[in-house]
Amino acid sequence: MESQYSGADRPRTGDLGEAGNPLPPGRPDRRSWAFRRRAPRPGTDGGPGMLDDAGTRKRETLMGSEDGGAARLMRLFDGHRLTPTQRRIAHCLVRRAADAPFLSSVEVAELAGVSQPSVTRFAVALGFDGYPALRRHLREVAPAPAADREADTGNEYQQAVHAEIENLRHLAALLADPEPVARAGELLAASRPLPVLGLRAAAAQARGFAYFAAKVHPDVRPLDESGTMLTDRIDAAVHAGATALLCFALPRHPREVVEALEYAKECGLTTVTVADSSFAPVAKHSDLLLPAAVGTALVFDTPCAPMLLGRVLLEAMCDHLPGAQARLEEFDARAAARGLFAD
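In our numbering, the protein residues as written are 156 to 498.
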């Protein structure tokens, strides 16, 4: 199994997504709604951001509008200079926001794949005397325990579905402020061509987005195969006039995706990333980060929220593509003439 970790800092299987989680105890109608007229969205500066691990600049995220446990943790971590190990702990706590106030330091260490002293140092880095003080603070501001939630009812398969429903509810709350997605849609619509990056577990999301985006955008270029040609394809997109790149990044996060994003920024592209967390390894190389959690209740991660966020981005793109409706109508006419669909 591929891994970039060793020793005490090796992540546990339950956090690995593509590598596996622990075993638990037709024809679409033409989407005219995508082009309906809307009231102008209020202009903002993109909402609250979060400092990267160098503490030097802020990235826009969707987290600013949400008052849930994950957002409270994000605000607590915001502005602190965290080491890579500490960022992994933060990532783990954000993904388990409802349970975080009730986890011991040993449990956090096991879940994050780090040593217990690392968890203590993480709490001190946040300004607390130790992990017990951090946990007391989290309990004081915590919502109802996870044991009270619907997600803990039913068999293991039902629990996995309920957990995904919670992820979607969280995404809906984040989208209460539509400005980050609207800005992303504008950036992506203006890029000609539009490269869409996604490798390994995220390749399906990149391909799905590119498939539908190609129906309304004149030049979409999926980058879903790794290897030495990846940077060449980014170069080709830049030389053809690309101004932005969309990346889907899901766990486990391939090192090559991080390197490709870094290279894209060096080439002058604005990077928009859909990731499972604002603490994902791709965060520091993303100009606009849109988080959507993945489910971890089954053997393999379930990316329902990232997929839906990708479709929301498509709608936001359509708002900035005046010819999108005509392109869809033209496609429908050709499809009907060819008898392309059975329904």
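For every residue, glycine included, the Cβ atom is placed at its ideal position computed from N, Cα and C. In this text the structure is predicted, and so the values were computed from the model without any measurement.
- [ ] With DSSP collapsed to three states, give me the class of residue 279.
- [x] helix
Open item on the list: At the level of alpha carbons, what is the spacing between residue 190 and residue 318?
Closed with: Residue placement at residue 190 cannot be trusted, given a pLDDT of 34 that sits under 50; what the coordinates show is reported in the next sentence. If you take the alpha carbons of residue 190 and residue 318, they lie about 32 Å apart.
Open item on the list: Residues in the same chain with beta-carbon distance under 6 Å from residue 419, minus the five sequence neighbours each way, listed in chain order, please.
Closed with: 389, 400 and 426
Open item on the list: With three or more C-beta pairs closer than 8 Å as the rule, is the stretch 437–452 touching the stretch 400–409?
Closed with: yes
- [ ] Can you tell me which of the three DSSP states residue 376 falls into?
- [x] strand
Task: Limits of the alpha helix (DSSP H) - the one that residue 316 falls within - done: 311–329
TODO: Report buried or exposed for residue 259, applying the criterion of at least 16 other Cβ atoms within 10 angstroms of its Cβ.
DONE: exposed
Open item on the list: Between the stretch 229–239 and the stretch 275–291, can you find at least three pairs of beta-carbon atoms closer than 8 Å?
Closed with: yes
Task: Element boundaries [alpha helix (DSSP H), containing residue 402] - done: Here residue 402 belongs to no alpha helix (DSSP H); instead the beta strand (DSSP E) covers 399–404.
TODO: Rounded to whole angstroms, what's the CA-CA distance from residue 476 to residue 340? Just pull it up for me.
DONE: 10 Å
Open item on the list: Per DSSP, what are the beta-bridge partners of residue 463 in this structure?
Closed with: Answer is none; residue 463 lacks a bridge partner.
Task: Whole-angstrom distance between residue 244 and residue 263, CA atom to CA atom - done: 7 Å
Task: Segment limits, beta strand (DSSP E) that includes residue 263 - done: Per DSSP, residue 263 belongs to no beta strand (DSSP E); it is in the alpha helix (DSSP H), 260–267.
Task: Sequence-distant residues of the same chain with beta carbon closer than 6 Å to residue 422, five excluded per side - done: 393
- [ ] Assess, as a yes-or-no matter, whether the stretch 342–351 is touched by the stretch 364–374 under the definition of 3 or more beta carbon pairs within less than 8 Å.
- [x] yes
Task: Nearest-angstrom Cα separation, counted from residue 237 out to residue 491 - done: 56 Å
Open item on the list: Our contact map puts residue 364 next to residue 469 with C-beta atoms below 8 Å; I'd like the distance itself, whole angstroms only.
Closed with: 7 Å
Open item on the list: When you compare the CB of residue 433 with every CB in chain D, is at least one pair closer than 8 Å?
Closed with: Absent from the structure is chain D; it holds one protein chain and no more.
Task: Buried or exposed (CB count within 10 angstroms, at least 16 for buried), residue 277 - done: buried
- [ ] For the alpha helix (DSSP H) containing residue 240, list its first residue and its last residue.
- [x] 239–250
- [ ] Within the same chain, show all residues whose beta-carbon is closer than 7 Å to that of residue 414, passing over the 5 residues directly before and after it, in chain order.
- [x] none
Task: Alpha carbon of residue 208 to alpha carbon of residue 434, nearest angstrom - done: With a pLDDT of only 38 at residue 208, under the threshold of 50, the placement of this residue in the model should not be trusted, and no figure is reported.
- [ ] Give the straight-line distance between the Cα atoms of residue 437 and residue 327, rounded to the nearest whole angstrom.
- [x] 23 Å
Open item on the list: My assumption, with CB atoms under 8 Å, is that residue 402 sits in contact with residue 342. Please give the rounded CB distance.
Closed with: The pair is not a contact, with the Cβ atoms about 13 Å apart (cut-off 8 Å).
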